[in-house]
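Chemist:
Chains as they are written, first to last, in the working numbering: chain E, 42 to 292; chain Z, 42 to 292.
#1: Nearest-angstrom Cα distance between residue 247 (chain Z) and residue 151 (chain Z)?
#2: List the residues that DSSP assigns as beta-bridge partners of residue 272 (chain E).
#3: Measure the alpha-carbon distance for residue 117 (chain Z) versus residue 81 (chain E) and round it to whole angstroms.
#4: What would DSSP say about residue 245 (chain Z), mapped onto helix, strand or coil?
#5: Could you give the residue range of the beta strand (DSSP E) that holds residue 195 (chain E)?
#6: By DSSP's criteria, residue 236 (chain Z) is part of a beta bridge. Which residues make up the other side?
#7: What is the rounded straight-line gap between the Cα of residue 129 (chain Z) and the Cα of residue 90 (chain Z)?
#8: Of all the CB atoms in chain E, is at least one closer than 8 Å to the CB of residue 168 (chain Z)?
#9: If we cut at 8 Å on Cβ distances, does residue 53 (chain E) have a partner in chain Z?
#10: Could you say which of E:78, E:79, E:189, E:139 lies nearest to residue 104 (chain E) if we only look at CA atoms?
#11: Can the beta-carbon of residue 45 (chain Z) be found less than 8 Å from the beta-carbon of residue 106 (chain Z)?
#12: Any beta-carbon of chain Z closer than 8 Å to the one on residue 222 (chain E)?
#13: Just the chain Z side, please: which residues come within less than 8 Å of residue 57 (chain E) by C-beta, in chain order?
#14: If contact means a Cβ-Cβ distance below 7 Å, which residues of the segment 158 to 183 of chain Z contact chain E?
#15: By the three-class DSSP mapping on this structure, what secondary structure does residue 44 (chain Z) have?
#16: Which first and last residues belong to the alpha helix (DSSP H) in which residue 203 (chain E) is found?
#17: By the 9 Å beta-carbon criterion, what residues does the segment 214 to 244 of chain E contribute toward chain Z?
#18: Hey, does residue 292 (chain E) have any beta-carbon neighbour from chain Z nearer than 8 Å?
#19: Should residue 207 (chain E) be labelled buried (16 or more other beta-carbon atoms within 10 Å of its own) or exposed?
#20: In the structure shown, what three-state DSSP assignment does residue 155 (chain Z) receive?
#21: For residue 253 (chain E), decide whether its Cβ has a neighbour in chain Z, counting only Cβ atoms nearer than 8 Å.
#22: Can you give the Cα-Cα distance for residue 287 (chain E) and residue 136 (chain Z), rounded to whole angstroms?
#23: Helix, strand or coil for residue 144 (chain E), going by three-state DSSP, please let me know.
#24: Using the beta-carbon of each residue, which ones in chain E are nearer than 7 Å to residue 197 (chain Z)?
#25: Could you tell me which residues DSSP puts in a beta bridge with residue 231 (chain E)?
#26: Along the chain, where does the beta strand (DSSP E) that runs through residue 78 (chain Z) open and close?
#27: What does the Cβ neighbour count give for residue 293 (chain E), buried or exposed, with the cut at 16 atoms within 10 Å?
#28: DSSP on residue 109 (chain E), reduced to helix/strand/coil?
#29: How many Å lie between residue 226 (chain Z) and residue 219 (chain Z) at the Cα?
#30: Give me the Cβ distance between residue 51 (chain E) and residue 154 (chain E), rounded to the nearest whole Å; I'm assuming they're in contact under 8 Å.
#31: In whole angstroms, what separates the C-alpha of residue 278 (chain E) from that of residue 271 (chain E)?
#32: So that I know if they touch, is there some Cβ in chain E lying closer than 8 Å to that of residue 281 (chain Z)?
#33: With 8 Å as the threshold, decide whether the Cβ of residue 134 (chain Z) is near any Cβ in chain E.
#34: Could you work out which residues of chain E lie near residue 277 (chain Z), taking near to mean beta carbons separated by less than 7 Å?
#35: Give me whichever residues DSSP pairs with residue 120 (chain E) in a beta bridge.
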């Protein structure tokens, strides 16, 4: 069929993958993706050729996937969450568009339930108003740019979701972020930490801006920091949309 | 079963609704939601009681839904996209948590494919790096707070996604946003407009920061403004993740 689909798997289980995404994988003869993601969907991969590589070989994996499509096969490139958010979509689409239009395989980006939405659902409703997503990974982005973004998002009173908050190599960034945010927000601002959202071993912690860096955070965690209006109620984290209950909504 | 599920439908079609979301609706005896959303899923609503109201009656709709659950019925409250992003989750969870724990129905928020992810997939890969989501609806948020957020997001060089960019009543805000952004970003910064993402009549426009306010934008549109690195290539909008192709990725 000579088509590449860049597929967002959702948080993990087949139960949160859209039918459109699942069909793209089922129809593919070749599936490419990071080994961890391949494992999440191994039940539907029987008989397919797998291009699974470690994280540091994304470019090579994308190239192999495109070569398979150029050789006439139907290919799915998979990322967990939404493939368009720190996933594989940008690289694959860019490389495909380098090909002359007459040679280019058909392609489609298929959206998935993003990690931040999955984590928010576990916490209650922390993203009900404007929010900003920031990755703390400084491997390809200078740390100064990341802290500038944290500062801007704090100034704007955005709810802030932190991707890649910590890894084995990066352990000090979260405390730096905390210091910046404490310049702008109350120390009691709610902070939610969800680890393995939508996957086996899912856990959540509710903490505060003053204390959250003492909690267990790892590379499978997503950290959501409330805005000035966010509150915790009976174990859930809620950001109001700005209305009074007695008032009409929306426009 | 006495359970309330707050369900994100995804962008529109059943093909982009997760199995978990669909099951919650199928198992519900009562489904509550804005009429437009109810219509999107009418094929799976046979025999169910529907609480569909106009937009301005969200509080009443939530109350009725909770009363149905308290009367022993299984209820789904639905929003398009993700229910936790400008949707019904905040209000419903807040109202449920007012009830004493012994009386409170079980509840769950079920994440969906968010509108911004659906729109991004149509445009290519504009959200590959840090981004901010801002609603321009000033019905419940003072306009000064909204413009402050636009300014902060511009200062932080975030990709910016605008929800509710325009309505019949609100027609001037988009030009104000444009004026602010032009203080910070090049006039040729790519801007993507997706209307009815993932629904019948889906359309996309690629424009620039200088020109996008001349394009057709309505209340079913989502506007995505690139950061300083975003580019357009062969009709698609891509924000790089910050790597060179020859370089290894991730950590």
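Ideal placement from N, C-alpha and C gives every residue a C-beta, glycine not left out.
Modeler: Walking through what the data contain:
#1: Along the second chain, one-based indexing puts residue 247 (chain Z) at 206. Along the second chain, one-based indexing puts residue 151 (chain Z) at 110. One C-alpha to the other measures close to 32 Å.
#2: Your numbering for residue 272 (chain E) matches position 231 in the first chain. Beta-bridge pairing links residue 272 (chain E) to E:279.
#3: By 1-based counting over the second chain, the position of residue 117 (chain Z) is 76. By 1-based counting over the first chain, the position of residue 81 (chain E) is 40. Computed Cα separation, rounded: 28 Å.
#4: On the second chain, residue 245 (chain Z) is found 204 positions in, with the first residue counted as 1. Strand, per DSSP.
#5: Position 154 of the first chain, counting from 1, holds the residue named residue 195 (chain E). Element bounds for residue 195 (chain E): not the beta strand (DSSP E) but the alpha helix (DSSP H), 184 to 196.
#6: In the second chain, counting from the first residue as 1, residue 236 (chain Z) sits at position 195. Answer is Z:244, Z:262, bridged to residue 236 (chain Z).
#7: Position 88 of the second chain, counted from the start, is the residue given in the question as residue 129 (chain Z). Position 49 of the second chain, counted from the start, is the residue given in the question as residue 90 (chain Z). C-alpha separation (whole angstroms): 18 Å.
#8: On the second chain, position 127 is the one that residue 168 (chain Z) refers to. Yes, its Cβ sits closer than 8 Å to a Cβ of chain E.
#9: Position 12 of the first chain, counting from 1, holds the residue named residue 53 (chain E). Not an interface residue.
#10: Numbered from 1 along the first chain, position 63 holds the residue referred to as residue 104 (chain E). Of the candidates E:78, E:79, E:189, E:139, the one whose C-alpha sits nearest the C-alpha of residue 104 (chain E) is E:139.
#11: By 1-based counting over the second chain, the position of residue 45 (chain Z) is 4. By 1-based counting over the second chain, the position of residue 106 (chain Z) is 65. Yes.
#12: Taking the first chain and counting its residues from 1, the one referred to as residue 222 (chain E) is at position 181. By this cut-off, residue 222 (chain E) is not an interface position.
#13: For the purposes of this step, residue 57 (chain E) is taken as the residue at position 16 of the first chain. Within chain Z, the residues near residue 57 (chain E) are 59, 60, 61, 152.
#14: 158, 159, 161, 162, 165, 166, 168, 169, 171, 172, 173, 174, 175, 176, 178, 180, 181, 182
#15: As a first step, residue 44 (chain Z) is located in the second chain; it is residue number 3 there, counting from the start. Reduced to three states, the DSSP call for residue 44 (chain Z) is strand.
#16: Here residue 203 (chain E) refers to the residue found at position 162 when the first chain is read from its first residue. No alpha helix (DSSP H) contains residue 203 (chain E), which is instead part of the beta strand (DSSP E) from 200 to 204.
#17: 238, 239
#18: Within the first chain, numbered from 1, the residue matching residue 292 (chain E) stands at position 251. Confidence in residue 292 (chain E) is poor, its pLDDT being 35 and thus under 50, which makes the residue's placement too unreliable to answer from.
#19: Position 166 of the first chain, counted from the start, is the residue given in the question as residue 207 (chain E). Buried: at least 16 other Cβ atoms inside 10 Å.
#20: Looking up residue 155 (chain Z) in the second chain gives position 114. Three-state result, residue 155 (chain Z): coil.
#21: Taking the first chain and counting its residues from 1, the one referred to as residue 253 (chain E) is at position 212. Taking Cβ atoms only, chain Z never reaches closer than 8 Å to residue 253 (chain E), which makes this a no.
#22: Locating residue 287 (chain E) in the first chain gives position 246, where the first residue counts as 1. Locating residue 136 (chain Z) in the second chain gives position 95, where the first residue counts as 1. Annotation note: pLDDT 37 at residue 287 (chain E) (below 50); position unreliable, coordinate value reported separately. Going from the Cα of residue 287 (chain E) to the Cα of residue 136 (chain Z) covers about 12 Å.
#23: Along the first chain, one-based indexing puts residue 144 (chain E) at 103. Here residue 144 (chain E) sits in coil by DSSP.
#24: Residue numbering aside, residue 197 (chain Z) sits at position 156 when the second chain is read from its first letter. The contacting residues are 189, 190, 193, 194.
#25: Reading the first chain from its first residue, position 190 is the one you call residue 231 (chain E). Beta-bridge pairing links residue 231 (chain E) to E:249.
#26: For the purposes of this step, residue 78 (chain Z) is taken as residue 37 along the second chain, with counting starting at 1. Element bounds for residue 78 (chain Z): not the beta strand (DSSP E) but the alpha helix (DSSP H), 76 to 81.
#27: Nothing about residue 293 (chain E) can be read from this structure; chain E reaches only from 42 to 292.
#28: To locate residue 109 (chain E), count along the first chain from 1; it is residue 68. Of the three classes helix, strand and coil, the one that applies to residue 109 (chain E) here is helix, per DSSP.
#29: Against the second chain, residue 226 (chain Z) aligns to sequence position 185. Against the second chain, residue 219 (chain Z) aligns to sequence position 178. About 10 Å.
#30: Sequence index remark: in the first chain, residue 51 (chain E) carries index 10 (1-based). Sequence index remark: in the first chain, residue 154 (chain E) carries index 113 (1-based). So it is a contact: roughly 4 Å between Cβ atoms.
#31: The residue given as residue 278 (chain E) occupies position 237 in the first chain. The residue given as residue 271 (chain E) occupies position 230 in the first chain. Rounded to the nearest angstrom, the two C-alpha atoms are 7 Å apart.
#32: Reading the second chain from its first residue, position 240 is the one you call residue 281 (chain Z). By this cut-off, residue 281 (chain Z) is an interface position.
#33: For the purposes of this step, residue 134 (chain Z) is identified with residue 93 of the second chain, where counting begins at 1. Chain E contact via Cβ: present.
#34: Here residue 277 (chain Z) is taken as the residue at index 236 of the second chain, counted from 1. Ordered by position in chain E, the residues that pass the 7 Å Cβ test against residue 277 (chain Z) are 134, 138.
#35: As a first step, residue 120 (chain E) must be located in the first chain, where it is residue number 79. E:49.
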